[in-house]
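Data block below; observations after.
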Amino acid sequence: MRHLIDISDLSVTEIDELIDVANDIIDNPEKYQEKCKHKKIATLFFEPSTRTRLSFEAAMLELGGSVLGFSEAASSSAAKGESISDTVRVVSFYADIIAMRHFKEGAPMVASMKSDVPIINAGDGGHNHPTQTLTDLLTIKREKGGLDNLTIGLCGDLKFGRTVHSLISAMTRYKNIKFVLISPSELRLPDYIKNDVLEKNNVPYSEYTSIEEAMPELDILYMTRVQKERFFNEADYERLKDSCILNSEKMKFAKEDMIVLHPLPRVNEITTDVDDDKRACYFKQAKNGKYIRMALILKLLEVE
Amino acid sequence: MNIDSIRNGLVIDHIKSGKAMEIYHYLNLDSLDCQIAIIKNATSKRMGKKDIIKIDAEISVDVDVLGYIDPNITVNFIENGVKVKKLHPELPVQITDIIKCSNPRCITSIEQDIHHIFKLSDKEKGIYRCIYCDSTPKVTKE
Chain A
203 MRHLIDISDL SVTEIDELID VANDIIDNPE KYQEKCKHKK IATLFFEPST RTRLSFEAAM
263 LELGGSVLGF SEAASSSAAK GESISDTVRV VSFYADIIAM RHFKEGAPMV ASMKSDVPII
323 NAGDGGHNHP TQTLTDLLTI KREKGGLDNL TIGLCGDLKF GRTVHSLISA MTRYKNIKFV
383 LISPSELRLP DYIKNDVLEK NNVPYSEYTS IEEAMPELDI LYMTRVQKER FFNEADYERL
443 KDSCILNSEK MKFAKEDMIV LHPLPRVNEI TTDVDDDKRA CYFKQAKNGK YIRMALILKL
503 LEVE
Chain B
2 MNIDSIRNGL VIDHIKSGKA MEIYHYLNLD SLDCQIAIIK NATSKRMGKK DIIKIDAEIS
62 VDVDVLGYID PNITVNFIEN GVKVKKLHPE LPVQITDIIK CSNPRCITSI EQDIHHIFKL
122 SDKEKGIYRC IYCDSTPKVT KE
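See the structure below:
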């Protein structure tokens with residue numbers, strides 16, 4: 203039995219296979235309509251989500267399976283003080299696979315230690331979000347034609363941005379990748395990722411505090427939201443929330459074939475006038491999330 | 002100062018000066034009823050000053066955990082008054098329930114009865130990371 207807790211749980215070959223299956227699902231959805239008939243996914247979301255939870259549920263429904271679960275901790279036994287271990291032990295009696303989001307880092311890993319069914323990390327605090335990364339990789343492959351030879355700008359909250367952490371882990375395994383890190387100094391990428399991931403793998407990176415400076419060299423600009431829920435102190439959030447904003451004026455500095463990604467939801471970090479730019483791919487990215495999650499569910503349930 | 006030699010037991014030597022009591026607590030030596038000598042600030046040619054613990058009983062010791070506390074330690078095993086083995090502990094690949102993760106965002110801060118597990122992520126620098134949240138301690142001991 204396999205779980206997906208961290209993107210590094212999957213080899214590059216397995217990621218390529220998932221992307222191939224997702225592309226096949228996009229081209230031939232009817233082939234997959236009954237692949238998970240009589241299977242159930244439990245979506246245990248201790249933290250609010252729109253896209254991730256609904257895309258998991260839509261993924262299972264499109265595979266012919268069914269869904270159960272909860273969308274906030276208040277409507278689960280966690281509100282009564284139940285541990286993750288107990289919750290997961292019980293839910294694994296009712297479902298064939300579990301997608302879990304939790305506000306505490308490492309919660310899905312704890313779940314995987316106690317579960318009798320595969321656990322998918324659907325986001326754990328500011329730590330990791332591997333299925334968003336699979337979504338990102340599918341989108342990059344479809345839009346750029348491959349995953350090698352790319353200069354990737356990561357902009358916004360790089361400190362608590364779990365999508366950024368997982369994406370860096372994944373992309374360092376491809377050839378000739380360079381990262382450009384754009385954030386206010388308070389929200390810089392954590393040292394453990396710089397040291398243990400980038401420097402350890404000899405992946406070059408540079409750091410900027412404004413988008414304009416970095417823009418001309420980018421093949422991909424990955425925008426992130428400054429997340430209010432990650433701050434213990436509201437004043438810090440207010441001070442930093444508008445520090446990196448992309449608008450159509452700044453897009454003039456970008457290459458013609460650069461793409462803009464964002465895991466969504468956005469607040470104001472991408473102004474709506476960018477949405478009509480053909481380089482804005484974040485809604486396509488959200489759509490791709492369902493297909494790659496379908497591919498992942500098939501893999502973890504070992505459905506041929 | 003004279004301390005009786007031990008017949009069967011352990012001598013934990015080359016402890017960084019001042020760390021003997023830390024090791025005493027980690028090994029739960031206060032639960033033993035044999036003779037134990039704690040020598041603080043002994044003269045050392047190599048270290049200047051060092052601490053030594055002599056335990057007059059054959060006890061099982063997790064040598065690698067000692068390596069986490071102080072990698073320069075040596076552990077000598079004594080049988081019939083003769084040193085039969087000397088070990089230099091390695092940094093353990095994993096340590097369980099020795100230190101606690103202090104990251105308030107980590108699941109260990111709320112989950113009941115969870116093992117606090119750290120893995121060695123950089124052998125050269127001796128850096129450990131919580132397996133749940135990847136943070137490096139700032140650790141607090143159990």
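Sequence lines, in order, name chains A and B.
For the working numbering, count along the first sequence from 1 and bump the result up by 202.
For the working numbering, count along the second sequence from 1 and bump the result up by 1.
The beta carbon of each residue, even a glycine, is placed where N, CA and C say it ideally should be.
Start and end of the beta strand (DSSP E) containing residue i?
i	result
R303 of chain A	I299 to H304
L500 of chain A	L500 of chain A -> not in any beta strand (DSSP E); alpha helix (DSSP H) instead, spanning Y484 to L502.
K86 of chain B	V83 to L88
Thinking C-beta only, is residue j closer than 9 Å to residue i?
i	j	result
L206 of chain A	V505 of chain A	no
R390 of chain A	E409 of chain A	yes
C100 of chain B	H89 of chain B	Here residue 100 of chain B is Ile; the residue named in the question, Cys, does not match the sequence. Contact flag unset, no.
I53 of chain B	D14 of chain B	yes
A482 of chain A	L340 of chain A	no
L406 of chain A	K380 of chain A	Here residue 406 of chain A turns out to be Pro, not Leu, going by the sequence shown. In this structure, K380 of chain A lies closer than 9 Å to P406 of chain A by Cβ.
V214 of chain A	R344 of chain A	no
T245 of chain A	P467 of chain A	no
R303 of chain A	F362 of chain A	no
G271 of chain A	I243 of chain A	yes
I395 of chain A	I422 of chain A	no
T473 of chain A	N449 of chain A	yes
A372 of chain A	S210 of chain A	yes
A261 of chain A	K486 of chain A	no
A301 of chain A	D326 of chain A	no
C357 of chain A	A437 of chain A	no
V382 of chain A	T353 of chain A	yes
N515 of chain A	K377 of chain A	Limits of chain A in this structure are 203 at one end and 506 at the other, which puts residue 515 of chain A out of reach.
With a threshold of 9 Å between beta carbons, is residue i in contact with chain A?
i	result
S110 of chain B	yes
I132 of chain B	yes
C107 of chain B	yes
Q113 of chain B	yes
S103 of chain B	no
D135 of chain B	yes
R8 of chain B	no
V140 of chain B	Legend: pLDDT at V140 of chain B = 42, less than 50; position of this residue unreliable, value from coordinates given subsequently. Taking Cβ atoms only, chain A never reaches closer than 9 Å to V140 of chain B, which makes this a no.
E143 of chain B	Only weak support is given to the placement of E143 of chain B: the predicted model assigns it a pLDDT of 40, under 50, and the question is left unresolved by the model.
Y129 of chain B	no
Out of the options, state which residue places its alpha-carbon closest to the alpha-carbon of residue i.
i	options	result
R130 of chain B	B:V62, B:C107 and B:E91	B:C107
S412 of chain A	A:S385, A:D438 and A:K402	A:S385
D338 of chain A	A:D398, A:I494, A:E401 and A:I300	A:I494
A488 of chain A	A:P465, A:N404 and A:N351	A:P465
C446 of chain A	A:A224, A:G327, A:S314 and A:S387	A:S387
E23 of chain B	B:I132, B:I128, B:E80 and B:G68	B:G68
R364 of chain A	A:E436, A:P332 and A:P467	A:P332
N330 of chain A	A:D421, A:D318, A:M311 and A:F272	A:M311
L369 of chain A	A:I321, A:M315, A:V319 and A:M425	A:M425
V269 of chain A	A:H240, A:K402 and A:E401	A:H240
K148 of chain B	B:S45, B:V66 and B:I79	Outside the displayed span of chain B (2 to 143) sits residue 148 of chain B, for which this structure offers no information.
K480 of chain A	A:L498, A:G491, A:I354 and A:K454	A:K454
I217 of chain A	A:I342, A:E284, A:N403 and A:A275	A:I342
G82 of chain B	B:K41, B:D57 and B:E125	B:D57
Give me the DSSP bridge partner(s) of residue i.
i	result
S521 of chain A	Here chain A has residues from 203 to 506 only, and residue 521 of chain A is not among them.
Y129 of chain B	B:L121
Q334 of chain A	According to DSSP, which records beta bridges pairwise, Q334 of chain A is partnered with nothing at all.
M425 of chain A	A:C357
G283 of chain A	The partner list for G283 of chain A (beta bridge, DSSP) is empty, contrary to what the question assumes.
Q95 of chain B	B:K120
Answer with yes or no whether the minimum CB distance from residue i to chain B is below 9 Å.
i	result
F247 of chain A	no
R495 of chain A	no
H205 of chain A	no
D211 of chain A	no
H331 of chain A	no
S412 of chain A	no
S251 of chain A	no
M302 of chain A	no
G327 of chain A	yes
E274 of chain A	no
D218 of chain A	no
I286 of chain A	yes
K361 of chain A	no
V312 of chain A	yes
E307 of chain A	yes
Y296 of chain A	no
Y394 of chain A	yes
Closer than 7 Å by beta-carbon distance: list the chain C residues that pair up with residue i, in chain order.
i	result
S122 of chain B	Although the question refers to chain C, the structure presented lacks it and instead comprises the protein chains A and B.
On the DSSP letters alone, give me the boundaries of the alpha helix (DSSP H) that residue i sits inside.
i	result
T365 of chain A	R364 to M373
H26 of chain B	A21 to Y27
A313 of chain A	A309 to K316
F258 of chain A	R253 to E264
I70 of chain B	V64 to I70
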